Amino acid sequence: MKKQFNRMRQLANQTVGRAEKTEVLSDDLLQIERRMELVRLVLHNTHKRLVTCLQGQLGTDTEKRHKKLPLTSLSQAMQEGGGQLGDESLIGKMMDVCGEAESRLATELMQHEVNLERDILDPLNQLAEIEIPNILKQRKQLAKLVLDYDSAKTRYYQAAKSNNPTMAAKADSLKDEMDEALNKVEICKVHIVLDFYIPGRLLETQADYHRRSLAALEAAIPTIQIQQDSWMEKPAFGTALEEHLKRSNREIALPIEACVMMLLETGMKEEGLFRIAAGASKLKKLKAALDCSTSQLEEFYSDPHAVAGALKSYLRELPEPLMTFGLYDEWTQASNVSDPDKRLQALWVTCDGLPKSHKANLRYLVKFLARLAQDSDINKMTPSNIAIVLGPNLLWAKTEGTLAEMAAATSVHVVAIIEPIIQHADWFFPEGKTSVEFNVSGMFALPSHPPTPDPEPSLDRKRPGSLVGQDGDSHTPRKDRYLSRPNLSLSLPLTLPSRPKTLSRQESRGPAVSALYVVANESITVTETPTEDLPSPDFKAVP
1 MKKQFNRMRQ LANQTVGRAE KTEVLSDDLL QIERRMELVR LVLHNTHKRL
51 VTCLQGQLGT DTEKRHKKLP LTSLSQAMQE GGGQLGDESL IGKMMDVCGE
101 AESRLATELM QHEVNLERDI LDPLNQLAEI EIPNILKQRK QLAKLVLDYD
151 SAKTRYYQAA KSNNPTMAAK ADSLKDEMDE ALNKVEICKV HIVLDFYIPG
201 RLLETQADYH RRSLAALEAA IPTIQIQQDS WMEKPAFGTA LEEHLKRSNR
251 EIALPIEACV MMLLETGMKE EGLFRIAAGA SKLKKLKAAL DCSTSQLEEF
301 YSDPHAVAGA LKSYLRELPE PLMTFGLYDE WTQASNVSDP DKRLQALWVT
351 CDGLPKSHKA NLRYLVKFLA RLAQDSDINK MTPSNIAIVL GPNLLWAKTE
401 GTLAEMAAAT SVHVVAIIEP IIQHADWFFP EGKTSVEFNV SGMFALPSHP
451 PTPDPEPSLD RKRPGSLVGQ DGDSHTPRKD RYLSRPNLSL SLPLTLPSRP
501 KTLSRQESRG PAVSALYVVA NESITVTETP TEDLPSPDFK AVP
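Going by full-length UniProt numbering, the first residue of the sequence shown is number 1, and it counts up by one from there.
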């Protein structure tokens, strides 16, 4: 009753300006108080939405929460599946390793949700549903405590100034009362301010969870990569040529050899080969079969367009084209040489610079394409047409852009590069000139029909480094043996059509051709005549 009386008297004195008035709240706290209801609504909605983000059941113990997580069910299913498939299969090993990783992620998620509930959700709910509704009550309590403090301070000052011995004796007790009232005021103020900083912990909690989850994933990924690298059977499509050849211990890529063998059997007379699109489902199935490294491809022999489409797709999906990024500028420069004979020499020099694996596979493919062009009167696939439809899959620039943009940028150069290589395949690749062994691996059945004679003349010229000199020694082609690029000089005109056309047998019979090569300090003349009239070319040294 006495405290109530002192409050009323102090309030009356403050009203008429006879007593000093202490501000209950600072300006910042007054602004927060005005936004109190809005803050409560925001916190309530945040709590509600955050609860929906939880995958476990709110309020349950850790073990039960862990069992109810979808990640736990996923990890159990993957580990059970891995056990059923066994360690002898790659997918079985991968399922087991990934199942363990998912189990660790489930444990991290469970712990994260427990921390989230304890450190974020419970305080948010407490703040939105209990603390803020009590703020007004605390505000009233704070006002009373401030009045008590002001009253005690006023009475203390009055007692300290009084000359009355009785009042002076009470000064010490009034000072203690004033200090106690001030302490209660400060405690109440701090309680109100600190409650508003709890939501800031959410991001810290989430960041800690994601760091621990990332650590679990980074620990599992090397194990997965080791399993993948140790497994021999890998997809061929989209894999670098050298990696595929090394892994499969092959000389010719499986998709190239398999498609060539199937086309030799059933596709050489097919009109529009490589030009007519195949059915998407059949093409997808064939690519999957080739990715599995299977030689059981009998069902695809009846659809040569699907086989041709698979071959084009393999070449296009190589990370680096068969004719390589590194020699793209050299190929382009060689195709721009105006003189036909010098252009052939420039193309040969560039071709000779290909890596061994790329050159072997390009030789294999070009030999097949040259044989395909022999039946161009039936299949309509002349060297020019083949270069148009297949060239962009053999060479493209290492630039960013869409497939259409890159094809448009390189198609003109590619046709000028691929067409003469196909036309003069035996000159570019004299190895196996008389007979080409396409069944390199021995996995496939040989074609049932004999090869068709070449309707076009071939430049039966040896490359400079492979000719036999005066001393009878054979030499391996080496670029350092040339004083300059091999210089081809024709003593009689050689017709190299600038525009693609198909030559008939009668048109292909041209005059004898004499070619002069300069190798180091030697000059060698190669004389070529049509095979119908004269024996094989005569090589003789020119002093």
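A virtual CB, placed ideally from N, CA and C, is assigned to each residue, including glycine.
These figures come from a predicted structure and were not determined experimentally.
Have a look at residue 237 and residue 290 and give me their C-alpha separation to the nearest angstrom.
It is roughly 8 Å from the alpha-carbon of residue 237 to the alpha-carbon of residue 290.
Tell me the rounded alpha-carbon separation between residue 416 and residue 326.
For the pair residue 416 and residue 326, the Cα-to-Cα distance works out to about 18 Å.
Where residue 372 and residue 412 are concerned, what is the direct C-alpha to C-alpha distance, given to the nearest angstrom?
One C-alpha to the other measures close to 22 Å.
By Cβ distance below 8 Å, which residues in the same chain neighbour residue 472 in space, the five residues on each side in sequence not counted?
Reliability of the predicted coordinates at residue 472 is poor, the pLDDT of 39 falling under 50, and no value is obtained from them.
Of the residues 369, 251, 270, the one placed nearest residue 380, counting alpha carbons only:
In terms of CA proximity to residue 380, 270 leads the group 369, 251, 270.
Could you give the distance in angstroms between the alpha-carbon of residue 465 and the alpha-carbon of residue 318?
Reliability fails at residue 465, whose pLDDT of 36 lies under 50, so the model's placement of it is uncertain and no value is given.
Would residue 288 and residue 309 be called neighbours here (beta carbons separated by less than 9 Å)?
In this structure, residue 288 lies away from residue 309, with their beta-carbon atoms at least 9 Å apart.
Using 9 Å as the threshold, is the C-beta distance between residue 621 and residue 120 below it?
Missing from the structure shown is residue 621; the chain here goes from 1 to 543 and no further.
In whole angstroms, what separates the C-alpha of residue 391 from that of residue 102?
For residue 391 and residue 102, the gap between their C-alpha atoms comes out near 46 Å.
Ignoring anything shorter than 4 residues or poking outside the region 318-364, list the alpha helix (DSSP H) runs there in chain order.
Under the rule that a run must span 4 or more residues, the alpha helix (DSSP H) segments found entirely inside the region 318-364 read 328-335, 340-352.
Pick helix, strand or coil for residue 430, following the three-state DSSP scheme.
DSSP places residue 430 in coil when its eight states are reduced to three.
Classification of residue 97 by the beta-carbon crowding that lies within 10 angstroms, buried from 16 upward
In summary, residue 97 is buried, with 16 or more beta-carbon neighbours lying within 10 Å of its beta-carbon over all protein chains present.
Residue 361 to residue 275 span [Cα, whole Å]
C-alpha separation (whole angstroms): 22 Å.
Taking the alpha carbon of residue 304 as the point to measure from, which residue in 224, 263, 256 has its own alpha carbon closest?
Closest by alpha carbon: 263.
So what does DSSP say about residue 235, is it helix, strand or coil?
In this structure, residue 235 counts as coil in the three-state DSSP scheme.
Considering only residues of the same chain and omitting the five flanking positions on each side of residue 108, which have a CB-CB separation below 8 Å?
Here residue 108 has 209, 212, 213, 216 as same chain residues with Cβ atoms under 8 Å from its own Cβ, once five neighbours each way along the sequence are excluded.
CA nearest to the CA of residue 367, picked from 431, 137, 154:
Comparing Cα positions, the closest option is 431.
Are the beta-carbon atoms of residue 421 and residue 347 separated by less than 9 Å?
In this structure, residue 347 lies closer than 9 Å to residue 421 by Cβ.
Can you list the alpha helix (DSSP H) stretches of 4 or more residues lying completely in the region 49-89, in chain order?
Listed in chain order, they are 62-68, 70-85.
In terms of alpha-carbon separation, which member of 105, 135, 114 lies closest to residue 39?
Minimum Cα distance to residue 39 is reached at 135.
At what residues does the alpha helix (DSSP H) containing residue 284 begin and finish?
Start and end: 280-291.
Residue environment, residue 58, which counts as buried when at least 16 other CB atoms sit within 10 Å
Residue 58 comes out exposed.
For the candidate residues 255, 123, 343, 297, whose alpha-carbon lies nearest to that of residue 47?
For residue 47, the closest alpha carbon among the candidates 255, 123, 343, 297 is that of 123.
Please identify the residue among 425, 90, 117, 202 whose C-alpha is closest to the C-alpha of residue 292.
Nearest in C-alpha terms to residue 292, of all of 425, 90, 117, 202, is 90.
Does DSSP classify residue 443 as helix, strand or coil?
Note: residue 443 maps to coil in three-state DSSP.
State buried or exposed for residue 393, treating a residue as buried only when at least 16 other CB atoms are found within 10 Å of its CB.
By the 10 Å Cβ count, residue 393 comes out buried.
Rounded to whole angstroms, how far is the Cβ of residue 71 from the Cβ of residue 106, which I believe are closer than 8 Å?
Contact holds; Cβ gap of about 4 Å.
Could you give the DSSP three-state label for residue 382: helix, strand or coil?
Coil, per DSSP.
What residue range does the alpha helix (DSSP H) around residue 244 cover?
Residue 244 -> alpha helix (DSSP H) spans 241-248.
Tell me which residues share the same chain as residue 254 and place their Cβ nearer than 7 Å to its Cβ, disregarding the 5 neighbours each side in the sequence.
For residue 254, same chain residues with a beta-carbon under 7 Å away, outside a window of 5 residues either side, are 236, 248, 290, 293 in chain order.
Neighbour-count burial assignment, residue 324, 16 or more Cβ in a 10 Å radius
A buried status is given to residue 324, since no fewer than 16 other beta-carbon atoms sit within 10 Å of its beta-carbon.
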